[in-house]
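Asker: Pasting a structure below so you can have a look.
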Amino acid sequence: MSKRETDTKRGRRVWYCFNTFSYLALFLGFSCLSFAQKSHQSESSSRSLLSAEEAEWDWKDGRFQLTGNVSLKLKIKDQTLSLKCQEASLYLKQNGEDPLRQALPEFSQDSLQKIIVKGAVELRYNSLLIKTAELVYEHTSGIVIVKGLLKGQWGDQRLSGQDLRLNIHQSQALLSKPKFKFLWTKDTHKKSIWGR
49 MSKRETDTKR GRRVWYCFNT FSYLALFLGF SCLSFAQKSH QSESSSRSLL
99 SAEEAEWDWK DGRFQLTGNV SLKLKIKDQT LSLKCQEASL YLKQNGEDPL
149 RQALPEFSQD SLQKIIVKGA VELRYNSLLI KTAELVYEHT SGIVIVKGLL
199 KGQWGDQRLS GQDLRLNIHQ SQALLSKPKF KFLWTKDTHK KSIWGR
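Structure below.
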């Protein structure tokens, strides 16, 4: 075999190896990109959605003061808790204060501690809709407390009264005036009424 033929075959081998590694690198690159996109999508879908016209962070109280068309969505027990109002205070858990106060804390469901909402408030959770002027939501315990008059809907029934205590973790609610207790699951509704 001549030296020229040997060099030609060797060149083909080198070119074949180069092409193989190029395709492999290209495939791995696309795989990594696809995985990163899927991870980003799943991460963003599990995040809470929060929007407002103005937001101000209070270092002393550890809270965001939100004003103007405030909208918040939280994922709880495979359901979505939705809040709409004009003014809200979001208190966050603080794991040590930034001494230089340079970096604002990042809002997430894990960092959320409590929400105090005022104004024309609308709360939706599963089949429940509540409209009121003020409420407090304790994220750790899953308790929503509405003080004062409220209107709303539960399934196909209208709700109206005063002072509501809603336990999201146990899927039950108690309306004090008139006395009305109701439970719900994903598909069925149960109620018990006593006193009027």
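For the sequence shown, our numbering assigns the number 49 to the initial residue and increments by one for each residue that follows. Each residue gets a CB set at the ideal place from its N, CA and C atoms; glycine is no exception.
1) Unbroken beta strand (DSSP E) runs of length 3 or more, entirely within the segment 128 to 174: which are they?
2) Rounded C-beta distance between GLU104 and GLN113? I'm assuming under 8 angstroms.
3) By the three-class DSSP mapping on this structure, what secondary structure does LYS225 have?
4) From the DSSP output, in three-state form, read off LEU231 for me.
5) Between LEU231, GLN157, LEU120, which has its C-alpha nearest GLN220's C-alpha?
6) Within 10 angstroms of its Cβ, does ASN117 collect 16 or more other Cβ (buried), or is it exposed?
7) Is the distance from the Cβ of LEU131 to the Cβ of SER159 below 8 angstroms?
8) Which residue from TRP202, LEU212, LEU207, THR115 puts its Cα closest to that of LYS166?
9) Determine the extent of the beta strand (DSSP E) in which LYS123 is found, giving its start and end residues.
10) Express the C-alpha separation of ILE163 and LEU122 in angstroms, rounding to a whole number.
11) Can the beta-carbon of LEU183 be found less than 8 angstroms from the beta-carbon of VAL192?
12) On the DSSP bridge list, what partners appear for SER189?
13) Taking Cβ positions, are LEU7 and PHE155 nearer each other than 8 angstroms?
14) Kindly indicate which three-state DSSP category GLU310 falls into: helix, strand or coil?
15) May I ask you to report which of helix, strand or coil DSSP gives GLY203?
16) Helix, strand or coil for LYS108 per DSSP?
Answerer: Taking the coordinates as given:
1) Counting only unbroken stretches of 3 or more residues, the beta strand (DSSP E) elements lying wholly within the segment 128 to 174 are 160 to 173, in sequence order.
2) Sure, about 5 angstroms apart at Cβ, within 8 angstroms.
3) In this structure, DSSP gives LYS225 an extended state, which the three-state scheme calls strand.
4) It is a strand residue.
5) Of the listed residues, the one whose Cα sits closest to GLN220 is LEU231.
6) ASN117 should be labelled exposed.
7) Not in contact: LEU131 and SER159 (Cβ atoms no closer than 8 angstroms).
8) Residue THR115 is the option with its Cα nearest to LYS166.
9) Note, LYS123: beta strand (DSSP E), 111 to 124.
10) Near 12 angstroms, if we compare the C-alpha coordinates of ILE163 and LEU122.
11) Yes. Within cutoff.
12) Under the DSSP definition of a beta bridge, SER189 lacks any partner.
13) Residue numbering for the chain in the displayed model covers 49 to 244; residue 7 lies beyond these limits and cannot be assessed.
14) Any question about residue 310 goes unanswered here, given that the chain covers just 49 to 244.
15) Annotated three-state conformation of GLY203 is coil, per DSSP.
16) Under the three-state reduction of DSSP, LYS108 is assigned to coil, being neither helix nor strand.
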